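Notes follow once the structure below has been shown.
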Amino acid sequence: MNNQERISRSEFLKRSSLGLCALFVGLNEKVFAGSAPAKALSEPGEHLYNWGQAWHPESPKRLSDITHHLAQMGLSGQHGRNMPTVDWEFPEGRDEKLSNNRKYGYAALSVARNAPLRILPGELIVGSATLREAAQHRIPALNMGSVSHTTVGFAKVLHQGYKGLRAEIDERLSRGGLDSHGTDLLESMLMTLDAAALWQQRNIALLKEMKGNAPDSERRFYQNIIDTLENVPENPPRNFREAVQSLWSLYAFHRLMGNWSGIGRFDQMLWPYLEADLQKGKITLDEARELIAHFWIKGTEWIGEFNGSGDAQFYQNIILGGIDKDGNEVTNPITYLVLDVVEELHISDYPIAVRIGDHTPEKLFRRIAEVQRFGGGIVSMYNENTVIDGLVQFGYPLEEAREFTNDGCWEAIIPGKTAFIYSPCDMMQPLFRALNLDKDVPLEADDFETVYGRFTAELGREIDNLQKALDGSWNDPNNPNPLVSMFVEGCIEKGRGYYERGPKYTVNGIHYGGVSDTANSLLVLKKLVFEENYIGLNHFVNILRHNWEGNEGLRRLVQNRFTFYGNDHAEADDMMKRVFDDYTSIVGRVKERNGLKRPCGISTFGREIDWRMARRATPEGSRVGDILATNCSPTPGSDRKGPTAVLNSYCKLDFTRCPNGATVELKVLPDSVKDENGIAALVALAKTFREKGGFYMHIDVVDSATLIDAQMHPEKYPNLPVRVAGWSARFTTLCKEWQDMVIQRTQQIV
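If you're matching positions, the sequence shown starts at 57 in the working numbering and goes up one per residue.
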């Protein structure tokens, strides 16, 4: 398929379901013994990475045809569109004599017993979260909200198996000292583990049925998967194949129950198993890549469950690279195999964040750049030097800080030990109040410092009120989730759940957006009103009250004359730093209170769309309804001097003061990264980001012309991913407002 040919999603679905004819080719029978089912494979499918890209590098072909076919099926959305809802009776949900934790246990058993199963011919990793309620962030059968914005302890349970987790719960029950609520919670955990085992046995039974109906040449293929499932995740994995299946089984059952956890440090978790198999000659890297690819394909099973922010916002973030608790670099062959899979299949449903730092291999910098050139913003980067320093300064032990992941989006947390949520606020609102934009009252201020003081006073009052409101939060014994709770350290020991201060750390981040716009607006006030006396303060404020009406010339003067944050301009960046430092100082007055940690962050996560009609016109030149800055990035269109200037401005901020994170986005023209010089430029950006102290960065390689065409002709671009915030989504599944937000980001040439 050439770059110009386009294909609709319906045609794609038709092609991916054609008559099937081939077998696995060239796979080591030590791992993939027996033929794959003949029904598993159509003719080698269209290369999905060609769709919607004006230009991209030539993609390698490392994976088998059957793997490409399964990827096509997932990316077509046929699984997600065909998800049923719960259609069975669940009387326990109406039994008022049962606690909510006990109802959850019964709901898990009900789901395990009744949820439809889906095992596709030829897939190496099995188990599917098939209920629509789960993809809508609800607990199936119970119809209550579920958990997201965390990464549970998959690493721990992977290594010990459900058996080890069950033993831990039994030991805590036998030790005593729990109140009736705690005992009820732990017994509900055991019910939920029984449900997970029941679901596993149903999958095994279906595989045995498929094996019985298969020709002799295919039965060994099925038996290998049956043997794997009969050991994991109940027991610790014995090899790499079992480890990959176990991690998926753990994760898939969480998904089936409506939970949207991040996955965590994928390469670190799985490397001991692959390393042992490689040393024993039981597997090759090609075979390992194939297994990882099937894990990746499983992540597409909810495509088709659309919402305004795209079809991939399920917080299933994966972390690669970085150091371990002892300071040793964990980058290993799995790190590169994952990047191989993303490069070839262009599956964006697992956002990848690579931790880069002092020990990052040169090879990894280059490999990140090579994959980034394919677009989609799938691979982002943490500067672990900054993140770890910030977490330690906030109060976390060094060993825990070194193991940081994220909450499934990009906020930095300690995995397997943290209950997390954040409170989003718009910094423009305190500025509007400080300027009396909400009331027709003259503003008395003879100098800029008076205006700035009014702003920080408003910001401080707002944050103080928020801190008081948080004091009594996170203590809800009626919000059940025994499944998540048993995967988070502290809950079993305390006999308290995820939502009732059971985890070791309960964290409520305080996040403000609009920081860039606030700083730009203050700069204009300082220069235009007070230093140059170009316009009187109250006259200017009145113009803003009327949304710049009749003053287009002044508005254009402001936008064209001033150099704002994002251009490596000392005066603009100094104002941004001042606002940033004062904000982080105000939030930092209360790092922890009443057992609740309260780190600060800077984010919008797309809320600049929700906020735009509630915002007034701004001194920096925006009108009501304009979409302003994303996260800690420059205001759209204001960064005019290239990506290095953006990074230089961004990195003047001390992000150790902001331990929950602040991200910068760059949109790079594909033509500028075509050749070896383009790769070198992307590597240089990554190293600048690391050396100058950035926190989190994602780069999207896509041109606005392609996005505008995709907005007008979505049928031509069924698999065009773009980076949104902490996730990537297929562009055509975004609502128009979100599409506009992505399009408006300034294009850069590297």
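From the three backbone atoms N, C-alpha and C, an ideal C-beta is built for every residue, glycine too. Keep in mind it's a predicted model, so treat the numbers as computed, not measured.
When the options are compared against residue i, the one with the closest alpha-carbon
i: LEU154; options: LEU401, VAL398, ARG228 and HIS237; result: HIS237
i: GLY360; options: VAL757, ASN138 and GLY677; result: ASN138
i: TRP604; options: PRO675, PRO292 and LYS582; result: PRO675
i: PRO715; options: GLY592, TRP794, ALA299 and GLY750; result: GLY750
i: ASP629; options: SER572, SER678 and LYS647; result: SER572
i: ASP731; options: LEU180, LEU262, ARG422 and THR248; result: ARG422
i: ARG611; options: VAL563, TRP316, THR356 and SER577; result: SER577
i: VAL720; options: GLU747, ALA737 and ASN687; result: ASN687
i: LEU613; options: ASN623, ARG458, TYR621 and ILE591; result: ILE591
i: ALA736; options: PRO471, GLN428 and ASP765; result: GLN428
i: LYS697; options: VAL778, GLU343 and VAL806; result: VAL806
i: ASN199; options: VAL386, ALA475, GLU148 and LEU229; result: GLU148
i: ARG601; options: ALA670, LYS338 and GLY178; result: ALA670
Contact check, residue i vs residue j, beta carbons under 7 Å
i: LYS560; j: GLU549; result: no
i: PRO538; j: TYR160; result: yes
i: ILE375; j: TYR406; result: no
i: PHE450; j: PRO655; result: yes
i: PHE636; j: ALA781; result: no
i: ASN371; j: GLY318; result: The residue you asked about is not Asn; residue 371 is Tyr in the sequence shown. Cβ atoms of TYR371 and GLY318: closer than 7 Å.
i: ARG663; j: GLY569; result: yes
i: ARG408; j: ILE444; result: Per the sequence shown, residue 408 should be read as Ile rather than Arg. Result no, Cβ atoms of ILE408 and ILE444 do not sit closer than 7 Å.
i: ASP695; j: GLY622; result: yes
i: PRO289; j: TYR218; result: yes
i: GLY377; j: THR391; result: yes
i: THR474; j: VAL563; result: yes
Buried versus exposed call for residue i [16 or more other C-beta atoms within 10 Å across all chains shown]
i: TRP255; result: buried
i: ASN616; result: exposed
i: VAL142; result: buried
i: HIS754; result: buried
i: TRP783; result: buried
i: TRP466; result: buried
i: GLN485; result: buried
i: GLU346; result: buried
i: ALA89; result: Unreliable positioning characterises ALA89 in this predicted model, as indicated by a pLDDT of 46, which lies under 50. The coordinate reading is nonetheless provided below. Exposed is the call here.
i: SER273; result: exposed
i: LYS354; result: buried
i: ASP151; result: exposed
i: ALA380; result: The question names Ala, but residue 380 is Asp in the sequence shown. Its Cβ having fewer than 16 others within 10 Å, ASP380 is exposed.
i: ASN775; result: buried
i: HIS595; result: exposed
i: TRP352; result: buried
i: GLN257; result: exposed
i: GLU556; result: buried
Spatial distance of residue i from residue j (CA atoms)
i: ARG231; j: VAL213; result: 21 Å
i: ARG801; j: LEU722; result: 8 Å
i: HIS205; j: ASP463; result: 4 Å
i: LEU526; j: ILE282; result: 49 Å
i: ALA78; j: PRO328; result: Low local confidence applies: a pLDDT of 24 at ALA78 is under 50, so the model's placement there is unreliable, with the coordinate-based value given in what follows. Going from the Cα of ALA78 to the Cα of PRO328 covers about 33 Å.
i: PHE511; j: ASP250; result: 56 Å
i: VAL540; j: GLY209; result: 9 Å
i: PHE146; j: ASN170; result: 11 Å
i: HIS415; j: TYR752; result: 17 Å
i: ALA673; j: HIS567; result: 22 Å
i: TRP304; j: SER479; result: 31 Å
i: SER115; j: GLU399; result: 7 Å
i: THR640; j: ARG713; result: 6 Å
i: PHE787; j: GLN795; result: 7 Å
i: HIS135; j: SER244; result: 31 Å
i: ASN384; j: CYS547; result: 30 Å
i: ILE799; j: THR762; result: 9 Å
i: ALA211; j: GLU459; result: 11 Å
i: LEU718; j: TYR278; result: The amino acid occupying residue 718 in the given sequence is Ala; Leu does not appear at that position. If I take the Cα positions, the gap works out to 47 Å.
i: ASN388; j: GLU265; result: 38 Å
i: LYS743; j: GLU298; result: 37 Å
i: PHE745; j: PRO498; result: 44 Å
Beta carbon proximity, residue i to chain B, threshold 7 Å
i: ALA761; result: The structure shown contains no chain B; it is built from a single protein chain.
| request: Give, in chain order, every unbroken run of the beta strand (DSSP E) that is at least 3 residues long and sits entirely within the stretch 474 to 559. | output: Under the rule that a run must span 3 or more residues, the beta strand (DSSP E) segments found entirely inside the stretch 474 to 559 read 474 to 482.
| message | I'd like the ranges of any beta strand (DSSP E) spanning at least 3 consecutive residues and lying wholly in the stretch 264 to 329. | response | 316 to 318
| said: Going residue by residue through the stretch 604 to 649, where are the continuous alpha helix (DSSP H) segments of at least 4 residues, counting only ones entirely within it? | reply: 608 to 617 and 626 to 644
| message | Going residue by residue through the stretch 688 to 742, where are the continuous beta strand (DSSP E) segments of at least 3 residues, counting only ones entirely within it? | response | You should have 717 to 724.
| message | To test your reading of the DSSP string, which unbroken beta strand (DSSP E) runs of 3 or more residues are found completely within the stretch 645 to 682? | response | Along the stretch 645 to 682, the beta strand (DSSP E) occurs as fully enclosed runs of 3 or more residues at 656 to 658, listed in sequence order.
| At which residue ranges does the stretch 745 to 789 contain complete beta strand (DSSP E) runs of 3 or more residues, listed in the order of the chain? | 752 to 757, 777 to 779 and 784 to 786
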